[in-house]
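Here's the structure we're looking at; comments come further down.
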Amino acid sequence: MITTVWIPVFMLIVWALLWILFNLSNRRLTKEFSIRTVEVERELMLNKLQIRRRSKHLDRYDFLRYNLDEAIFVQREIIV
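Here my numbering runs 31 ahead of the position in the sequence shown, where the first position is 1.
As structure tokens, this is what we get:
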């Protein structure tokens with residue numbers, strides 16, 4: 032008779048502990064994911080700003096004025 036009472040109690044305690052562990056793990060993972068998401072969004076924003084800045088400077092650059100054909104030449108000293 033005592034074992035019929037203790038088995039459900041034991042199962043209930045085990046279930047409660049597993050539920051608590053799951054919730055703690057879930058909260059930790061959610062917090063880590065939120066922090067990483069904010070970091071990635073910030074990096075993405077910085078990359079977009081850098082792309083816009085580079086594009087703007089390329090649009091302003093006058094290739095004919097600086098005559099890149101004369102500036103770029105093969106450098107035989109550089110071994111690739």
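Every residue, glycine too, gets a C-beta built ideally from N, C-alpha and C.
Just so it is clear, the structure is predicted and the values come from calculations on it, not from any experiment.
Close-in-space but distant-in-sequence residues of the same chain around residue i (CB under 8 Å, 5 per side omitted)
i, result
"W37", "none"
Cα-Cα separation between residue i and residue j, rounded to whole angstroms
i, j, result
"E63", "L89", "39 Å"
"E74", "V40", "51 Å"
"L52", "M76", "36 Å"
"I82", "R58", "36 Å"
"E72", "V45", "40 Å"
Contact test: residue i Cβ vs the ligand MG heavy atom, cutoff 8 Å
i, result
"N78", "Absence of the ligand MG is noted for the structure shown, with no ligands found whatsoever."
Beta-carbon contacts of residue i that lie in its chain and below 7 Å, excluding the five residues immediately before and after
i, result
"I33", "none"
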